[in-house]
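Chemist:
Protein chains: 4
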Amino acid sequence: MVSDEQALAEQSAKVMWDNDAASRALGMELVSVAPGRAVVSMTVRADMVNGWDVCHGGLIASLADSAFAVACNSHGQVTVAAGFDVTFLESGRLGDVLVATAEERALRGRSGLYDVTVRRGDESGETVVAEFRGRSRSLGRSIEG
Amino acid sequence: MVSDEQALAEQSAKVMWDNDAASRALGMELVSVAPGRAVVSMTVRADMVNGWDVCHGGLIASLADSAFAVACNSHGQVTVAAGFDVTFLESGRLGDVLVATAEERALRGRSGLYDVTVRRGDESGETVVAEFRGRSRSLGRSIEG
Amino acid sequence: MVSDEQALAEQSAKVMWDNDAASRALGMELVSVAPGRAVVSMTVRADMVNGWDVCHGGLIASLADSAFAVACNSHGQVTVAAGFDVTFLESGRLGDVLVATAEERALRGRSGLYDVTVRRGDESGETVVAEFRGRSRSLGRSIEG
Amino acid sequence: MVSDEQALAEQSAKVMWDNDAASRALGMELVSVAPGRAVVSMTVRADMVNGWDVCHGGLIASLADSAFAVACNSHGQVTVAAGFDVTFLESGRLGDVLVATAEERALRGRSGLYDVTVRRGDESGETVVAEFRGRSRSLGRSIEG
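So this is what it looks like as structure tokens:
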């Protein structure tokens, strides 16, 4: 049986993802969602790299930002990104499948903190491409389908 | 007469921009470059927004990241982004022209710090959409054309 | 004649500084305050360094944080630090006078962004020790004397 | 039996802590160290608070910074803080025992990333006061006793 919290997370993610033309245009796929958690993947395409076949850092951050958005909206409240910090550790290369795993680190009132790790290959991939920390702010109203 | 530093900045920017398929695919335009400084613009397209016509935050960060990259490579040394922090202040909306202005804040050895302000409209636009601070690291070799 | 905004900034700073035993214990001095701006200085003492006579980074951040606090409370509203980012560029050494200059970068609703530069010597000192960016949040009530 | 890595971590921490007059002056205690990990505690004193008995945010960051320093030097290489980001979640109050737990998140070449959580009470305390992320840079030489 699916818990109410899990059902709410899935419903919120569906509303968000259906409306997110930007993430779809970047070829992102929503792998999974749970309360305070989300996994999103993206394959590095030719229109995402520079002349040395290295993925634009902003697009790696965009992948992490999408996973962060799903995770921080998973409690059913409309929640926006106030900002984030990202550190780049390895390059994303042409053809790489990058997987971003977002986890809630802290919640206090309407403010939240989410850590997102971007890896090559899959969720358990050993190569970490980037570490991202997002700051969220709830607007105090429910997500409507 | 153009100074040697300015000529080097323009030459470095040309090499970078010619190779940057990702920035081009996002419709970015390099407005200007100078030693330690760069301006890049981007129009918010339908494939960059969500269902409420608000630009994906990661793409606003990508615009700032591109301006940062041109600015930190303007001294002619191959320089990569170690990471960045971004704060979102206003939404970018469908059709908005966003302009990112990057300025060098500090240089110490191979490490640099660049502030990028993203505004609506133009470089002197009053509405600030985002404030970005990038951390760069020079690899210690010259940019080759 | 002193403007109302300047008078409010000075009054708010006085209330804050009188109550700030921590900044006083670290020997900090409030040099100046203006709307959205503050300058605070601190001399690096023997109880602030390690065995190589280098100032503890957290104390350099504390100096910047104090200047940030005065600046973000200068509009007369009780305002707290939500967080900050700091980059260390040069060491603070035993006996150095460090001067932190805080300037408002952005205000949007109850959220603010302040840049603080910590220099050696004085406000126009050429050696930058640290660059700090503080994120503030107003609580929506006036500072009471 | 203690592993070589653990012995190196303890030896490196001893050298650092013996030389760290600043952390001692703030009453910090080194609770434990392991490869890539450190725990440091501090009691909030009357000279660390403002008039509302709330601990100066910079001193909470100083506690986290000390734990970060021990953790990033635990591999026996002289390693300095390049910078850090901190988010404040709850106040530290007069008399609180604050405990900072630092854990290595990523290492790549000479660059490292460390997460530090500051809690009230003890390492398993439920109230998180602050979340800190430190960026380190190794100088490429061994710590000498």
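One line per chain: the protein sequences are S, C, D and U, in this order.
All the letters of the first sequence, read from the start, carry residue numbers 1 to 145 under my numbering.
All the letters of the second sequence, read from the start, carry residue numbers 1001 to 1145 under my numbering.
All the letters of the third sequence, read from the start, carry residue numbers 2001 to 2145 under my numbering.
All the letters of the fourth sequence, read from the start, carry residue numbers 3001 to 3145 under my numbering.
Note that CB positions come from ideal geometry on N, CA and C, so glycine has one too.
If distances are taken between C-alpha atoms only, which option among S:E131, S:I60, S:A71, S:A21 comes closest to V146 (chain S)?
Modeler: This structure cannot settle anything about residue 146 (chain S), because the visible part of chain S is limited to 1 through 145.
Chemist: Tell me whether A955 (chain C) is buried or exposed, calling it buried when 16 or more other Cβ atoms sit within 10 Å of its Cβ.
Modeler: Outside the shown range of chain C, which is 1001 to 1145, sits residue 955 (chain C), and nothing can be said about it.
Chemist: At 7 Å on the CB atoms, spell out the chain S contacts of V1049 (chain C), in chain order.
Modeler: Going along chain S in sequence order, the residues near V1049 (chain C) (Cβ under 7 Å) are A21, A22.
Chemist: Let me know if G57 (chain S) comes out buried or exposed under the rule of 16 or more other beta-carbons within 10 Å of its beta-carbon.
Modeler: G57 (chain S) comes out buried.
Chemist: Here's a check: name, in chain order, each residue in its chain whose Cβ is nearer than 7 Å to the Cβ of P3035 (chain U), leaving out the five neighbours to either side.
Modeler: Hits under 7 Å: E3005, Q3006, A3009, S3074, H3075.
Chemist: Under the assumption that V2044 (chain D) contacts G2109 (chain D) (Cβ atoms under 8 Å), give the Cβ distance between them as a whole number of angstroms.
Modeler: With 8 Å as the limit, V2044 (chain D) and G2109 (chain D) do not qualify as a contact, their Cβ atoms being about 38 Å apart.
Chemist: Using CA atoms only, rank isn't needed, just tell me which of D:W2052, D:T2087, D:V2080, D:G2092 is closest to E3090 (chain U).
Modeler: Considering only alpha carbons, the answer is D:V2080.
Chemist: Taking a cut of 9 Å between CB atoms, which residues from the stretch 3079–3100 of chain U lie near chain C?
Modeler: Result list: A3082, G3083, D3085.
Chemist: Hey, could you find the ends of the beta strand (DSSP E) M3042 (chain U) is sitting in?
Modeler: That run of the beta strand (DSSP E) goes 3037–3043.
Chemist: Does G3112 (chain U) get closer than 9 Å to chain D when you measure Cβ to Cβ?
Modeler: Closer than 9 Å: no.
Chemist: Relative to the C-alpha of G140 (chain S), which candidate in S:V78, S:T127, S:A130 has its C-alpha closest?
Modeler: When each option's Cα is compared against that of G140 (chain S), the closest is S:V78.
Chemist: For L107 (chain S) versus S62 (chain S), is the C-beta spacing smaller than 9 Å?
Modeler: In this structure, S62 (chain S) does not lie closer than 9 Å to L107 (chain S) by Cβ.
Chemist: When you compare each of U:E3123, U:F3132, U:G3112, U:C3055 to G3092 (chain U) by their alpha carbons, which one comes out closest?
Modeler: Selected option, being the one with the closest Cα: U:C3055.
Chemist: Give a yes or no on whether the minimum CB-CB distance between G2057 (chain D) and chain U is below 9 Å.
Modeler: Yes, because at least one Cβ of chain U sits closer than 9 Å to the Cβ of G2057 (chain D).
Chemist: Give the single residue among C:R1120, C:V1033, C:D1047 whose Cα lies nearest to the Cα of V1002 (chain C).
Modeler: Nearest C-alpha to V1002 (chain C): C:V1033.
Chemist: Would you call D3115 (chain U) buried or exposed, if buried means 16 or more other Cβ atoms sit within 10 Å of its Cβ?
Modeler: Per the 10 Å Cβ criterion, buried.
Chemist: For a cutoff of 9 Å on Cβ pairs, would you count V3128 (chain U) as touching chain S?
Modeler: Taking Cβ atoms only, chain S reaches closer than 9 Å to V3128 (chain U), which makes this a yes.
Chemist: Examine chain D for any beta-carbon lying closer than 9 Å to the beta-carbon of A3148 (chain U), and answer yes or no.
Modeler: Nothing about residue 3148 (chain U) can be read from this structure; chain U reaches only from 3001 to 3145.
Chemist: Are T1087 (chain C) and A1130 (chain C) close, meaning C-beta to C-beta below 9 Å?
Modeler: Contact flag set, yes.
Chemist: Going by C-alpha to C-alpha distance, which of D:G2051, D:G2083, D:A2013, D:D2065 sits closest to S3023 (chain U)?
Modeler: Of the candidates D:G2051, D:G2083, D:A2013, D:D2065, the one whose C-alpha sits nearest the C-alpha of S3023 (chain U) is D:G2051.
Chemist: V128 (chain S) lies in the beta strand (DSSP E); which residues open and close that run?
Modeler: Counting along the chain, the beta strand (DSSP E) containing V128 (chain S) begins and ends at 128–142.
Chemist: Classify S1066 (chain C): buried if its beta carbon has 16 or more other beta carbons within 10 angstroms, exposed otherwise.
Modeler: Result: buried.
Chemist: For the alpha helix (DSSP H) that contains L2059 (chain D), what are its first and last residues?
Modeler: Note, L2059 (chain D): alpha helix (DSSP H), 2057–2072.
Chemist: Measure the Cβ-Cβ separation of V2040 (chain D) and A2100 (chain D) and say whether it is below 9 Å.
Modeler: The answer is yes: Cβ separation under 9 Å.
Chemist: What does A1106 (chain C) reach in chain D if we use C-beta pairs closer than 7 Å?
Modeler: The answer, in chain order, is L2089, V2128, E2131.
Chemist: I'd like to know if R135 (chain S) contacts chain D, where contact means its C-beta is closer than 9 Å to some C-beta of that chain.
Modeler: Cβ-Cβ to chain D under 9 Å: yes for R135 (chain S).
Chemist: Contact criterion: CB-CB distance below 9 Å. Does D1053 (chain C) meet it with respect to chain D?
Modeler: No, D1053 (chain C) does not count as interfacial toward chain D.
Chemist: With the cut-off set at 9 Å, would you say A102 (chain S) and A64 (chain S) are in Cβ contact?
Modeler: For A102 (chain S) and A64 (chain S), yes; Cβs fall inside 9 Å.
Chemist: Thinking C-beta only, is T2127 (chain D) closer than 9 Å to G2134 (chain D)?
Modeler: Not a contact, by the Cβ cut-off of 9 Å.
Chemist: For L1113 (chain C) and D2085 (chain D), what's the separation of their Cα atoms in angstroms?
Modeler: Using only the alpha carbons, I get a separation of about 12 Å.
Chemist: What's the call for A2046 (chain D), buried or exposed, on a 16-neighbour Cβ count within 10 Å?
Modeler: Per the 10 Å Cβ criterion, exposed.
Chemist: Taking the alpha-carbon of S138 (chain S) as reference, which of S:S111, S:V118, S:G125, S:E144 has the nearest alpha-carbon?
Modeler: Comparing Cα-Cα distances from S138 (chain S) to each of S:S111, S:V118, S:G125, S:E144, the minimum goes to S:S111.
Chemist: Pull the bridge partners of N1050 (chain C) from the DSSP assignment, please.
Modeler: N1050 (chain C) is bridged to S:D20.
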